[in-house]
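Inspection log for the structure reproduced underneath, given as structure tokens.
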Amino acid sequence: MDKTSKRKLDRTSARKVVRIAAGKKCIVLGVTGSIAAYKSADLTSLLVKQGHEVFVVMTQDASEFIAPLTLQTLSKNPVMTSFYDEKENWRPGHVDLADRANLLLIAPATAHIIAELAHGLAGHPLAAIALATRAPILIAPAMNGKMWQHHATQGNVEKLKACGVEFIGPEEGMLACGYEGLGRLWKVNDIAFRAEFLLSRHDKLIA
């Protein structure tokens, strides 16, 4: 067996181990207003196929790029886009999701949501869930490369990392703005794999 085949086999085996260790969990998937929002459909489908319960929370801008109905159909759960989606229950829906979540995954994450989280703002359900949850948080950024490299964005990222928030990506490539640079959403399969890893690690920490 050549080295390339062995690496692929090792990675496949590792994924299976992480998946088995994690078991079925509740993942809250936050989707924000990036052109990469359409990739959240593939990510939702993959997480569901891995056996997890997925609840999608979208910002208003995200719904301009992908319909909430699409993610509702793929997740088999209602999609939250506003605090006003919470009328049917006495308990606020964003608080319920914050408590139920085993992982908060934000993909794609814009510079705007990263700034909101770094400064503790909670003007919409996704930001409020991030403040209220005690689950691990994984952020997959997607934005223009100049925005990603701006000192304000990097300062916000470092502030969140200091609070225990984890990041995956972005990666280099052709961006929707027409520039080649660092800012493209990380590959969906790798985001799902990192999510599984964090779920498994969190289980070990609380065991």
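When you line the sequence shown up against this note's numbering, it's residues 155 to 361, in that order. Note that beta-carbon positions come from the ideal geometry of N, C-alpha and C, so glycine has one too.
Boundaries of the beta strand (DSSP E) in which residue i is found, first to last residue
{"i": "P290", "result": "Careful: P290 lies outside any beta strand (DSSP E) and carries neither H nor E."}
Straight-line gap, residue i to residue j (C-alpha atoms, nearest Å)
{"i": "H270", "j": "G205", "result": "According to the sequence displayed, residue 270 carries Glu and not His. Using only the alpha carbons, I get a separation of about 31 Å."}
{"i": "I345", "j": "I293", "result": "9 Å"}
{"i": "E326", "j": "D250", "result": "37 Å"}
{"i": "A263", "j": "A190", "result": "9 Å"}
{"i": "F209", "j": "Q303", "result": "31 Å"}
{"i": "G247", "j": "S194", "result": "21 Å"}
{"i": "N256", "j": "E350", "result": "11 Å"}
{"i": "H305", "j": "L200", "result": "34 Å"}
{"i": "T224", "j": "H266", "result": "24 Å"}
{"i": "A276", "j": "Y238", "result": "14 Å"}
{"i": "G337", "j": "N298", "result": "6 Å"}
{"i": "G323", "j": "G274", "result": "22 Å"}
{"i": "L228", "j": "V202", "result": "8 Å"}
{"i": "Y192", "j": "A272", "result": "25 Å"}
{"i": "S354", "j": "F219", "result": "32 Å"}
{"i": "T307", "j": "E334", "result": "19 Å"}
{"i": "G309", "j": "C317", "result": "13 Å"}
{"i": "K300", "j": "W340", "result": "17 Å"}
{"i": "K179", "j": "Q226", "result": "18 Å"}
{"i": "F347", "j": "V233", "result": "23 Å"}
Where the alpha helix (DSSP H) containing residue i begins and where it ends
{"i": "E207", "result": "Segment 207 to 212 is the beta strand (DSSP E) holding E207; no alpha helix (DSSP H) there."}
{"i": "I267", "result": "265 to 272"}
{"i": "V182", "result": "Where V182 is concerned, there is no enclosing alpha helix (DSSP H), although the beta strand (DSSP E) it sits in stretches over 180 to 185."}
{"i": "G299", "result": "299 to 303"}
{"i": "G247", "result": "247 to 254"}
{"i": "D215", "result": "From DSSP, D215 is part of no alpha helix (DSSP H); its letter is neither H nor E."}
{"i": "Q226", "result": "222 to 229"}
{"i": "L197", "result": "194 to 203"}
Sub-8 Å separation of residue i and residue j beta-carbons
{"i": "T186", "j": "I291", "result": "no"}
{"i": "L258", "j": "A289", "result": "yes"}
{"i": "T198", "j": "S217", "result": "no"}
{"i": "A252", "j": "T287", "result": "yes"}
{"i": "V342", "j": "D196", "result": "yes"}
Segment contact flag, the region 299 to 313 with the region 275 to 283, C-beta cutoff 8 Å, min 3 pairs: no
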